[in-house]
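2 protein chains.
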Amino acid sequence: MTKTIAKELDRELQMRAALVTGAIEELLPVVHPRPLYEAGRHLVDAGGKRLRPSMLLLAAEAVGGDAAAIVAAAVSIELIHNFTLIHDDIMDNADVRRGRPAVHKLWGLSGAILAGDTLYSKAFQVLGMTKARPDLILGAMNLLSKTCTAICEGQWLDMEFEAKERVSEAEYMEMIEKKTGVLYGASAGMGALLAGAAPSVVAALDEFGRLTGMGFQLQDDVIDLITPEMVSGKRQGGDLIEAKKTLIMIHAFANDVPVKVFGKKDATPEQISESISLLEKSGCIEYARSRAEEMVQKGKLALQVLPDSKAKATLLELADYMVRRQY
Amino acid sequence: MTKTIAKELDRELQMRAALVTGAIEELLPVVHPRPLYEAGRHLVDAGGKRLRPSMLLLAAEAVGGDAAAIVAAAVSIELIHNFTLIHDDIMDNADVRRGRPAVHKLWGLSGAILAGDTLYSKAFQVLGMTKARPDLILGAMNLLSKTCTAICEGQWLDMEFEAKERVSEAEYMEMIEKKTGVLYGASAGMGALLAGAAPSVVAALDEFGRLTGMGFQLQDDVIDLITPEMVSGKRQGGDLIEAKKTLIMIHAFANDVPVKVFGKKDATPEQISESISLLEKSGCIEYARSRAEEMVQKGKLALQVLPDSKAKATLLELADYMVRRQY
């Protein structure tokens with residue numbers, strides 16, 4: 006991706022992120038009981054790149070729809086994403102998210118459970134306010150509820166893997182498909198659906214989102230190893246010492262690459278650095294990177310059903326960005 | 006209520022409960038990952054009276070609809086109810102529910118959060134499978150999502166009250182309206198809506214459910230004091246020693262009735278019994294009972310918009326049962 010394209014993509018995404026952020030202010034106001042809504046808004050207001058709602062808006066445009074009319078649906082996706090972050094942070098006992106204390110750190114366990122539950126129902130409420138044909142909104146709701154169930158299954162599998170001695174590549178891919186892929190799939194699919202696209206086009210956009218979302222997750226695992234804390238805000242190699250069974254580690258196990266710091270929370274930075282070098286040299290990181298690239302290329306192919314347009318071009322660039330980003 | 010009417014009501018409710026239980030088996034199957042769905046089914050399978058889904062089915066019949074066609078919607082209400090029980094038990098650190106260990110006691114905190122989240126999305130998925138006109142299903146989804154938000158607000162208020170020195174009667178009534186009333190309201194409202202009733206009729210059924218649901222909750226507070234543990238399965242006077250600011254206690258505070266065991270977790274059974282006697286003699290229990298009766302009578306008035314029918318008669322009997330039950 007050349008610098009000019011990257012800059013242009015940045016501009017396109019920022020424009021849509023701003024649209025979504027403005028709509029959140031209107032669709033998720035802080036009302037009585039205020040602390041509940043403040044807890045709900047805590048992470049939402051911390052920003053993030055809003056890639057999912059942007060993908061929804063771009064998908065609608067790429068099928069010839071009016072993105073501005075369905076910005077409420079884009080907000081609903083962002084609320085679901087934030088609901089999962091709040092509950093996941095409780096389960097992972099994470100302290101920090103988006104540079105802020107996690108919700109449960111500020112509002113306690115009960116406050117965080119409820120803040121997440123509130124975003125969950127608000128997402129469906131907000132989706133119901135989308136300016137689209139009732140049957141299309143109902144279709145979007147069915148897609149979203151199915152997606153939320155899959156996300157819960159994905160998070161369950163992720164937790165189950167912690168207790169498992171070995172995880173297969175197929176099991177890992179199923180987990181990231183459900184935990185991360187399906188919400189990107191629903192984003193692109195709902196954008197197309199609400200814009201009135203034919204079922205086959207909706208399915209193609211769903212596949213595009215799902216596969217590029219899986220690529221996004223695989224790249225996240227790579228970033229954990231290659232990006233310094235100064236840039237990512239997260240400890241480099243954190244997944245290793247926490248014994249996360251990422252695709253990189255699954256490949257290392259399969260190829261008898263001895264990763265000394267795996268599961269060693271007291272490892273020194275030098276030891277971590279040594280293990281990362283080994284994973285790099287042995288090709289384990291490259292393996293995950295190439296699988297990520299593969300997912301994205303396959304996802305992009307799905308867009309062949311669409312006529313050329315500015316929005317389609319931006320979606321293709323977004324797909325590349327999802328696996329080429331370094332943080 | 007005569008014994009014959011009580012028996013007949015029991016039969017009507019059991020018939021509908023059985024219909025709902027059968028549909029749960031089909032609509033919430035235990036699939037991969039099985040432990041997640043087993044956790045989700047744990048309380049659902051423990052039964053309960055299924056009053057909310059029965060009210061939904063009766064409301065549909067009372068407006069001339071086909072209850073069998075919308076049994077999926079009745080299941081969705083029961084799933085939402087169970088989702089709130091699972092998350093509430095985490096927040097209240099409750100050990101037992103429906104005679105079984107609470108979900109978080111068996112599957113841990115993370116398992117219980119996820120089991121609740123899964124029932125939440127499944128409820129919307131299942132509602133989407135209802136055999137009704139798409140615009141009516143969409144209307145029901147909008148009603149359900151609004152209701153879930155209100156339930157979260159109600160639970161937040163309930164928790165907030167624990168830290169408050171004094172709670173007013175108006176604050177208490179708002180809390181039970183949101184925590185308990187609105188889901189009964191949604192049950193009756195959705196039943197009417199999905200059966201194609203006019204908006205004014207839907208609103209009347211919603212009001213019937215909401216008000217009788219509030220009466221149900223007030224009666225719950227009474228039952229805590231008057232029903233022996235042998236019958237209720239809960240410690241008699243448990244709300245007192247746990248310092249719950251029920252309407253009964255709010256009335257006691259307002260009238261300077263000295264309830265010695267309030268907030269005293271180490272109170273003896275004799276001391277608890279003495280405080281209960283005092284609440285009875287001073288008219289505090291009777292005050293809550295009469296407010297409960299009032300809510301139910303007002304709720305029943307809302308049904309005047311309906312023509313007479315077997316289902317309407319059963320709804321009226323159900324309303325009486327909600328505040329006359331002793332456990």
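Going down the list, the sequences are from chains A and B. Counting from 6, one number per residue, gives the positions in the first sequence under the working numbering. Counting from 6, one number per residue, gives the positions in the second sequence under the working numbering. Ideal placement from N, C-alpha and C gives every residue a C-beta, glycine not left out.
For B:Cys-153, go through chain A and note every residue whose CB falls closer than 7 Å to its CB, in chain order.
-> Residue numbering aside, residue 153 of chain B sits at position 148 when the second sequence is read from its first letter. Residues of chain A passing the Cβ test: Ser-126.
Could you list which residues in chain A have their beta carbon closer than 8 Å to that of B:Met-96, in chain order?
-> For the purposes of this step, residue 96 of chain B is taken as residue 91 along the second sequence, with counting starting at 1. Under the 8 Å cutoff, chain A gives Leu-114, Ser-115, Ile-118 and Leu-119.
Hey, quick one: how far does the alpha helix (DSSP H) through B:Tyr-177 stretch, first residue to last?
-> Residue 177 of chain B sits at position 172 when you count from the first residue of the second sequence. Residues 174 to 181.
Rounded Cβ spacing between B:Leu-143 and A:Pro-139 (contact assumed at less than 8 Å) | By one-based count along the second sequence, residue 143 of chain B stands at place 138. By one-based count along the first sequence, residue 139 of chain A stands at place 134. That belief holds up - the Cβ atoms of B:Leu-143 and A:Pro-139 are roughly 5 Å apart, short of 8 Å.
Helix, strand or coil for B:Pro-106, going by three-state DSSP, please let me know.
-> Numbered from 1 along the second sequence, position 101 holds the residue referred to as residue 106 of chain B. Strand.
Taking only the alpha-carbon atoms, compute the straight-line gap between B:Ala-39 and A:His-86 and give it to the nearest angstrom.
-> Indexing the second sequence from 1 puts residue 39 of chain B at position 34. Indexing the first sequence from 1 puts residue 86 of chain A at position 81. Going by the sequence as given, residue 39 of chain B is Arg instead of Ala. Taking the straight line from one Cα to the other gives about 24 Å.
Quick one: complete alpha helix (DSSP H) runs, 4+ long, within the stretch 44 to 79 of chain A?
-> Within the stretch 44 to 79 of chain A, the complete alpha helix (DSSP H) runs of at least 4 residues are 56 to 67.
Listed by chain order, chain A residues near B:Leu-41 by CB distance under 8 Å = The sequence position of residue 41 of chain B within the second sequence is 36, counting from 1. Under the 8 Å cutoff, chain A gives Cys-157, Glu-158 and Trp-161.
Given A:Ala-208 as reference, the closest of A:Val-310, A:Ile-10 and A:Lys-317 once Cα atoms are compared = Position 203 of the first sequence, counted from the first residue, corresponds to residue 208 of chain A. Looking at A:Val-310, A:Ile-10 and A:Lys-317, the one whose alpha-carbon comes closest to that of A:Ala-208 is A:Val-310.
Is the number of C-beta pairs between the stretch 14 to 22 of chain A and the stretch 321 to 328 of chain A that are closer than 8 Å three or more?
-> Counting Cβ pairs under 8 Å, three or more are found: they touch.
Cβ distance (whole Å) where B:Leu-61 is taken to contact B:Ile-29 below 8 Å | Counting from 1 along the second sequence, the entry for residue 61 of chain B is found at position 56. Counting from 1 along the second sequence, the entry for residue 29 of chain B is found at position 24. Cβ-Cβ separation between B:Leu-61 and B:Ile-29: approximately 14 Å, too far for a contact (criterion under 8 Å).
Contact check, B:Gly-304 vs B:Phe-213 under 8 Å by CB: the rounded distance?
-> The residue labelled residue 304 of chain B in the question sits at position 299 within the second sequence. The residue labelled residue 213 of chain B in the question sits at position 208 within the second sequence. Confirmed, about 5 Å.
Kindly list, in the order they appear in chain B, the residues whose Cβ is closer than 7 Å to that of A:Ile-181.
-> In the first sequence, the residue the question calls residue 181 of chain A occupies position 176. Listed along chain B, no residue sits closer than 7 Å to A:Ile-181 by beta-carbon distance, the nearest being about 15 Å off.
Would you report the Cα separation of A:Leu-198 and A:Val-68, rounded to the nearest angstrom?
-> Within the first sequence, numbered from 1, the residue matching residue 198 of chain A stands at position 193. Within the first sequence, numbered from 1, the residue matching residue 68 of chain A stands at position 63. The alpha-carbon separation between A:Leu-198 and A:Val-68 amounts to approximately 9 Å.
If the cut is a Cβ gap below 9 Å, which residues of chain B does A:Asp-140 touch?
-> Position 135 of the first sequence, counted from the start, is the residue given in the question as residue 140 of chain A. Those are Pro-139, Asp-140 and Leu-143, listed as they occur along chain B.
According to DSSP, is A:Val-227 helix, strand or coil?
-> Walking along the first sequence from the start, residue 227 of chain A turns up at place 222. In the structure shown, A:Val-227 adopts helical secondary structure according to DSSP, grouped into three states.
Using a Cβ-Cβ cut-off of 7 Å (strictly less than) and excluding sequence neighbours within five positions of A:Val-80, which residues of its own chain qualify?
-> Within the first sequence, the letter at position 75 stands for residue 80 of chain A. Same-chain partners within the cutoff: Val-25, Ala-28, Ile-29, Leu-32, Pro-58 and Val-131.
Specify the secondary structure class of B:Val-328 as computed by DSSP and reduced to three states.
-> Indexing the second sequence from 1 puts residue 328 of chain B at position 323. For B:Val-328, the secondary structure class from DSSP, reduced to helix, strand or coil, is helix.
Using alpha carbons as the reference points, say which of B:Gly-45, B:Leu-18, B:Arg-46 and B:Gly-53 lies closest to B:Ser-237.
-> Against the second sequence, residue 237 of chain B aligns to sequence position 232. Of all alpha-carbon atoms in B:Gly-45, B:Leu-18, B:Arg-46 and B:Gly-53, the one lying nearest the alpha-carbon of B:Ser-237 is that of B:Gly-53.
If we call anything under 8 Å between Cβ atoms a contact, is B:Ala-44 one with B:Ala-120?
-> Taking the second sequence and counting its residues from 1, the one referred to as residue 44 of chain B is at position 39. Taking the second sequence and counting its residues from 1, the one referred to as residue 120 of chain B is at position 115. Yes, they are a contact pair.
So with Cβ pairs under 8 Å, would you call A:Pro-38 a contact of chain B?
-> Position 33 of the first sequence holds residue 38 of chain A. Interface criterion met: the Cβ of A:Pro-38 is under 8 Å from a Cβ in chain B.
Starting from A:His-92, find everything on chain B with Cβ-Cβ shorter than 7 Å and list it in chain order.
-> Here residue 92 of chain A corresponds to residue number 87 of the first sequence, with the count starting at 1. Scanning chain B for C-beta atoms nearer than 7 Å to the C-beta of A:His-92 yields Ile-118 and Asp-122, reported in chain order.
Please confirm whether A:Ala-99 and A:Ala-200 have their CB atoms less than 8 Å apart.
-> If you number the first sequence from 1, residue 99 of chain A lands on position 94. If you number the first sequence from 1, residue 200 of chain A lands on position 195. With contacts defined as CB atoms closer than 8 Å, A:Ala-99 and A:Ala-200 fail to qualify as a contacting pair.
Cβ shell of B:Thr-251 (< 8 Å), same chain only, five flanking positions each side left out = Position 246 of the second sequence, counting from 1, holds the residue named residue 251 of chain B. Same-chain partners within the cutoff: Tyr-177, Asp-226, Asp-229, Asp-244 and Ala-293.
8 Å Cβ cutoff, B:Asn-147 in contact with chain A | On the second sequence, residue 147 of chain B is found 142 positions in, with the first residue counted as 1. Yes, B:Asn-147 counts as interfacial toward chain A.
Just the Cα atoms here: how many angstroms apart are A:Val-328 and A:Glu-247?
-> The residue you call residue 328 of chain A lines up with position 323 of the first sequence. The residue you call residue 247 of chain A lines up with position 242 of the first sequence. Cα to Cα, A:Val-328 sits roughly 23 Å from A:Glu-247.
Mark A:Asp-271 as exposed unless 16 or more other C-beta atoms lie within 10 angstroms of its C-beta, in which case mark it buried.
-> Taking the first sequence and counting its residues from 1, one reaches residue 271 of chain A at position 266. Burial is judged here by how many other beta carbons sit within 10 angstroms of a residue's own beta carbon; A:Asp-271 has fewer than 16 and is exposed.
Check B:Val-262 in the structure and name its three-state DSSP category.
-> As a position in the second sequence, residue 262 of chain B is number 257, starting the count at 1. Annotated three-state conformation of B:Val-262 is coil, per DSSP.
B:Lys-183 and B:Glu-158 closer than 8 Å at C-beta | As a position in the second sequence, residue 183 of chain B is number 178, starting the count at 1. As a position in the second sequence, residue 158 of chain B is number 153, starting the count at 1. Yes, they are a contact pair.
Is there at least one Cβ from chain A nearer than 8 Å to B:Gly-133's Cβ?
-> Within the second sequence, residue 133 of chain B is the residue found at index 128, counting from 1. Interface residue, yes.
Selection from A:Ile-91, A:Leu-63 and A:Glu-285 that minimises the alpha carbon distance to A:Val-49 | If you number the first sequence from 1, residue 49 of chain A lands on position 44. Minimum Cα distance to A:Val-49 is reached at A:Ile-91.
Go ahead and label A:Gln-224 buried or exposed: buried means 16 or more other beta carbons lie within 10 angstroms of its beta carbon, across all protein chains shown.
-> If you number the first sequence from 1, residue 224 of chain A lands on position 219. Classification of A:Gln-224: buried, given that the 10 Å Cβ count is 16 or more.
Measure the CB-CB distance between B:Ala-22 and B:Arg-55 and report whether it falls below 8 Å.
-> Here the question's residue 22 of chain B lines up with position 17 in the second sequence. Here the question's residue 55 of chain B lines up with position 50 in the second sequence. In this structure, the beta-carbon distance from B:Ala-22 to B:Arg-55 falls below 8 Å.
List, in order along the chain, the chain A residues whose C-beta lies closer than 9 Å to that of B:Ser-192?
-> Here residue 192 of chain B corresponds to residue number 187 of the second sequence, with the count starting at 1. Neighbours of B:Ser-192 across chain A, judged by C-beta separation under 9 Å, do not exist; the nearest C-beta is about 16 Å away.
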